[in-house]
């Protein structure tokens, strides 16, 4: 299904540290119950204060670190700004260098659990079988194919070769033309998610003259293979208003726009239906979507609007056998499944096939020639069902409730199986093909852990923790067998809680480095996510946003009360909007935490929502509120925005990270947080910031680079708990 790329990369991270060496010492600073990492002996960077005032709704807003936003952004060349970021990186290196033995050990553990010859389950498309695989020592995959008729495999895309000469390289999307002759791909070399698009002849390897710039990433070929559909970013900001069609061989300036969005508050998306007969075009803002379709064999035909945005609901659509199939939350917050004839797709003609309920959340689906597969979640437990067009239906059975299920890569509309993904916090990622003929799950791939892994050595469970308003919050836990609930174990608590994104209980080989050292790992499924349905999301946004923060803090106190851990023995971690959650948890309850990892943190919420020059601000008002127009929204955001609520008191050790080219959470948010926290807090606890000067929201691009980043973050956490090896 089409899904907007959300402000989020959910990572299973952990950090903090405590070591005895010439640089770091231990000191009781917040409570007398446990030790904190003291700041380095060398002076920490000090960002200068420059008075800056603004006024909204009759109230003055002061920001001494406003200057850290380069006024020429997105170009960042202000020497004062760059000098400060460089000083922070230098200070971070001073922390890192004496602890490289631990970092290197963690990196070696991560690498040892990484299958350096991993290969995908093959998939078939237009008479060819495709797969990707890694070659030992390479950080990027290679894609290959062979014709079903001859079995001779040929490389079609060598990402390692494409990445040569770049410090950063991410493959965005790739497609093979319907005649199997051309391959188009998009790529990002800065981390700013401003992609380029190239096309080459698969047989000869020769590139066509077509070179598209400022592409959002996704692409599709037209049915005749002579045109490419893509989303065009605006030149001066990271926002798209046009879905364009490029005819091969012509200049990009001649491209035609088939959809133009006038409202800055909406995101664009597109994709083919499963039968590839229609192109879906979606303009969305949070809970509202407007959806169009157009035949792929007549791409310039007038667009058919399925639902106007004024209807005020969200939906996804697919197509099969002259019907559009739709998942929408128009009549039920947890969605209904409906269909409508493609020659009369008026909303009034929709026929409901299935309704969600208070307990059952309909989440995703895909159409096939003979059946439809539907993913749902019932009271936090994932399920997969198969619905035949005859009306027959059955549900698949999996062994664990605390697990993650998803519809996999299904590339043939006519196929007689469904490819599914399954994993849990103790079960490695597993790919199944569900054969419809005999209703059998056929295992196609299990994630390998080369250095060894025994599932029986670990335990996972789901517990419910009461929040302060009485609502029960799900927690997914994992720990090593033999764990004792005596309150003595360190615990890493992870959270996100925004946009209706669920942090699912998945498997992580890196996390084993914590579990094997005695940690409990917990995911708090706070409101703002959608673990318990769509209303769970609504109960953590806008004027209910503080539910998210309260849920997180209260799950931590519950875990301590139930002796999974103890107060002060809990480290916390979150990225992006999860970084906002970390900031809010820190300012609300600093004494609870042993250490905090704020990854690309959205901590300057109020100032960002007041800055409508930023391309992501207008679309985000629907999630957080518009403090420019609403005094109530201004007051609410000011009351909880982490940056605005830093006060003169003691705080736990913190690891802060960001990317200079990040278009989602701009670099100055972690920088301003760090600068203000340093100048305001009254403790001597360690605060470090790592700014990647050549990457964006998703950190390093290569496999080793990502593992090294996580090794540094995990080392910080381990050291914070006094674990030095």
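Residue numbers (my numbering): 685 to 1409. The C-beta atom is built at its ideal place from N, Cα and C for all residues, glycine as well.
Is it right to say residue 1036 is buried, meaning 16 or more other beta carbons lie within 10 angstroms of its own, or is it exposed? exposed
Are at least three pairs of beta-carbons, each pair with one atom in the stretch 1289 to 1300 and one in the stretch 1246 to 1263, less than 8 Å apart? With the cut-off at 8 Å, the stretch 1289 to 1300 and the stretch 1246 to 1263 do not touch.
Let me confirm a value: residue 1234 is counted as buried when at least 16 other C-beta atoms fall within 10 Å, else exposed. Which label applies? In this structure residue 1234 is buried. Its beta-carbon is surrounded by 16 or more other beta-carbon atoms within 10 angstroms.
Enumerate, from N- to C-terminal direction, the unbroken alpha helix (DSSP H) stretches of 4 or more residues contained entirely within the stretch 1303 to 1363. 1315 to 1324
DSSP state of residue 1023, grouped into three classes? Residue 1023: strand per DSSP, three-state reduction.
Among 1026, 806 and 811, the one whose alpha carbon lies nearest that of residue 827: Of 1026, 806 and 811, the residue nearest in Cα terms is 806.
In terms of residue numbering, what span does the alpha helix (DSSP H) encompassing residue 1390 cover? 1387 to 1404
Please classify residue 1191 as buried or exposed, where buried requires at least 16 other C-beta atoms within 10 Å of its C-beta. buried
Verify the CB distance criterion: does residue 1330 have a CB-CB separation below 7 Å to chain B? Given the protein chain composition of this structure (a single chain), no chain B is represented.
Thinking C-alpha only, which one of 999, 1041 and 1074 is nearest residue 1022? 999
Which runs of the alpha helix (DSSP H) fall wholly inside the stretch 1178 to 1260 and span at least 4 residues, in chain order? 1196 to 1199, 1218 to 1222 and 1230 to 1245
Identified DSSP bridge partners for residue 1270: BP columns for residue 1270 are empty, so no partner.
Whose CA, out of 878, 727 and 1325, lies closest to the CA of residue 915? 878
Could you check whether the stretch 1173 to 1187 touches the stretch 1000 to 1010, counting it as contact only if at least three pairs of C-beta atoms, one from each stretch, sit closer than 8 Å? Output reads no: the stretch 1000 to 1010 does not touch the stretch 1173 to 1187.
Residue burial classification, residue 1315 (beta-carbon count within 10 angstroms, cutoff 16): exposed
Find the nearest neighbour of residue 1265 within the set 1254, 1252 and 1280, judged by alpha-carbon distance. 1280
As an exercise, report each continuous alpha helix (DSSP H) stretch of at least 4 residues that is fully enclosed by the stretch 794 to 872, in chain order. 843 to 847
Between the alpha carbons of residue 1078 and residue 1287, how many angstroms are there, rounded? In this structure, the CA atom of residue 1078 is about 45 Å from the CA atom of residue 1287.
Within 10 angstroms of its Cβ, does residue 1058 collect 16 or more other Cβ (buried), or is it exposed? buried
If you drop the 5 nearest sequence neighbours on each side, which residues of the same chain put their C-beta closer than 8 Å to that of residue 956? Here the set comprises 904, 962, 963, 964 and 980.
By the 10 Å Cβ neighbour count, where 16 or more other Cβ atoms means buried, how is residue 1405 classified, buried or exposed? buried
What distance in whole Å lies between the Cβ atoms of residue 1186 and residue 1215, which are believed to be in contact at a cut-off of 8 Å? 5 Å
Near residue 748, which residues of its chain fall below 6 Å by C-beta distance, leaving aside the five closest residues on each side in sequence? 733
Residue span of the alpha helix (DSSP H) that contains residue 750, given as start and end: Per DSSP, residue 750 belongs to no alpha helix (DSSP H) and is neither H nor E.
DSSP on residue 791, reduced to helix/strand/coil? helix
Starting from residue 902, trace the beta strand (DSSP E) both ways and give me its first and last residue. Taken as a continuous stretch (DSSP letters only), the beta strand (DSSP E) holding residue 902 covers 891 to 905.
For the structure I just gave you, are there three or more beta carbon pairs, one from the stretch 757 to 766 and one from the stretch 1367 to 1376, closer than 8 Å? no
For the stretch 1084 to 1091 against the stretch 1120 to 1130, are there 3 or more C-beta pairs whose distance is under 8 Å? no
Minimum C-alpha distance to residue 1356 - residue among 1367, 1341 and 1366: 1341
What's the C-alpha gap between residue 1189 and residue 940? Going by the C-alpha atoms only, they are around 44 Å apart.
What do you reckon, are the CB atoms on residue 991 and residue 977 nearer than 7 Å? No, the pair does not count as a contact, with Cβ atoms beyond the cut-off.
Leaving out the 5 sequence neighbours to the left and right, which residues in its chain are closer than 6 Å to residue 723 when beta-carbon positions are compared? 1368 and 1370
Limits of the beta strand (DSSP E) - the one that residue 1463 falls within: The structure shown does not extend to residue 1463, since the chain is modelled only from 685 to 1409, so the question has no answer here.
Taking 7 Å as the threshold (C-beta atoms), are residue 1101 and residue 958 in contact? no
Is the stretch 1193 to 1200 close to the stretch 1268 to 1280, with three or more CB pairs under 8 Å? With the rule of 3 Cβ pairs closer than 8 Å, the stretch 1193 to 1200 does not count as touching the stretch 1268 to 1280.
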